[in-house]
Amino acid sequence: MEVVTMDSRAYAELNKKLDKILRYVVREARQSVESEKVITNDELAELLGVSLRTLQRLRSRDKLSYKIIYGKCYYSLADIEKSLREQTLYRNPKTFGELRKNFRLIIENRKNGAVGTVR
């Protein structure tokens, strides 16, 4: 094994770059995990303030992406935001930040076994 020596300034700079890379990787991983979470048909209808029939109509017209798992429809945050950006969906939450917050609350409430509205 070869021993490499380096200037303390170069070592500090290398550490800064490694920290920056680490922060980037952690941030990307969090965003990836967030976009993989899904909500149900009922939860999305409540979140957007629309009927289940409206969601069915949007799915039938390929205006809203969804996944079917064991016969139930699920929607990811990324798919919902894409449809909102393309103005396929009209939203009850006024901003994407509010939508994300409500989405996270629904996921968190489901983990804790809570049921009911999120506002």
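This note's numbering puts the first residue of the sequence shown at 7, with every later residue one more than the last. In this text, a Cβ means the ideal position worked out from N, Cα and C, and glycines have one as well.
Work out the CA separation of L28 and I45 for me, nearest whole Å.
Straight-line Cα distance between these residues: approximately 30 Å.
Less than 9 Å between the beta carbons of N118 and L53, yes or no?
No, these two residues do not count as a Cβ contact at 9 Å.
Roughly how many whole angstroms lie between the Cα atoms of R116 and A16?
Rounded to whole angstroms, R116 to A16 spans 49 Å at the Cα level.
Buried or exposed for Y76, going by 16 or more other Cβ atoms inside 10 Å?
The residue is exposed, with fewer than 16 neighbouring Cβ atoms inside 10 Å.
For K88, report the span of its alpha helix (DSSP H) as first-last.
83–91 is the extent of the alpha helix (DSSP H) around K88.
Could you compute how far the alpha carbon of V124 sits from the alpha carbon of G103?
Bear in mind that a pLDDT of 47 at V124, under 50, signals an unreliable position, so the number given afterwards is only what the model happens to contain. Roughly 15 Å between the two C-alpha positions.
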